[in-house]
Every structure is written in structure tokens, then in C-alpha cells.
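**Student:** I have a structure I would like to understand better, so I am pasting it below and will then ask my questions one at a time.
In the working numbering, the protein residues as written are 1 to 138.
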């Protein structure tokens, strides 16, 4: 095992109930890195869930996109309800940690009192970065 990543933020990785192979990979990767603060948020496919997505453009979203949006919102809601930490880590089950991870940070306003720092590796897709949510108190 490599040097444990101390003080790693708490949070979730998002995964489907049917994605056992991805869950095993994520659990193994997190264990190898010494990260014990990230847990799976396991969801059924959108059609099997009781979730409802509404809005002006909801009809344009396919069920996979709706399920993805709902999962991210559920993870953020759980973090806000369970933890008083200043930030959280939320990623999907295909997130890979590289040994030579080169990070960039982009700060964005989220609502009136939340700032999100989007972190992604040099080889990561900008469409699928990991997110750290930093809660400001101003």
C-alpha cells in the first residue's frame, strides 16, 4: 500500500446498483490509496427509481442524464446533511487517480454562498471532473 492520503475529504462515489465491477475497482483503488472517507452512493437506473426530473428542458434529457444529475444532487445533499466539513469529494465510479496527477482548479460561484472548486487531472475529461465543494460563510 502506498502512503495513505491523510485528511482526504469525506464524500461519495456515484455508482449504479448493477455496476459491481466498477464498485470493486473503486473500493480497491481507494483502499490502495489509504482513503477511507469516500463511500459508494449506489443507485438503481433512473427508470427503476422513484425520482422525478422537471423543468422547462427536462424533456430533452435522456434517462441516463437524468439519473446522473439526480445522483450528484443526492450526494451533495447527503454531504450537507451529514457533515459539517468545509468541503466534500464527489466523483463517479470511473474516476481514476494517476500517480502523476497534475491538477488545475477553477472556482465558480454556486448560489449565493457556495463556491465550487473543480479539480481534474491533466488527462481527465473536462465534462467529467471530480468536484470539491467548499462552503463559504460570507
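Backbone N, C-alpha and C fix where the C-beta goes; we use that ideal spot for every residue, glycine too.
As the structure is a computational prediction, the values presented were derived from the model and not from experiment.
Mark residue 57 as exposed unless 16 or more other C-beta atoms lie within 10 angstroms of its C-beta, in which case mark it buried.
**Tutor:** Residue 57 should be labelled exposed.
**Student:** Tell me the rounded alpha-carbon separation between residue 32 and residue 13.
**Tutor:** For residue 32 and residue 13, the distance between alpha carbons rounds to 16 Å.
**Student:** Among the candidates 84, 87, 45, whose CA atom is the shortest distance from the CA of residue 69?
**Tutor:** Looking at the Cα atoms, 45 is the closest of the given residues.
**Student:** Residue 64 to residue 17, Cα distance in whole Å?
**Tutor:** Rounded to whole angstroms, residue 64 to residue 17 spans 14 Å at the Cα level.
**Student:** Beta carbon of residue 27, beta carbon of residue 9: below 9 Å?
**Tutor:** Against a cut-off of 9 Å, the Cβ pair of residue 9 and residue 27 comes out as no contact.
**Student:** Residues in its own chain within less than 6 Å of residue 42 by CB, not counting five upstream and five downstream?
**Tutor:** Around residue 42: 15, 17.
**Student:** If you draw a straight line from the alpha carbon of residue 20 to that of residue 71, how long is it in whole angstroms?
**Tutor:** So the alpha carbons of these two residues sit roughly 17 Å apart.
**Student:** Taking the alpha-carbon positions, what's the residue 22 to residue 87 distance?
**Tutor:** Cα to Cα, residue 22 sits roughly 25 Å from residue 87.
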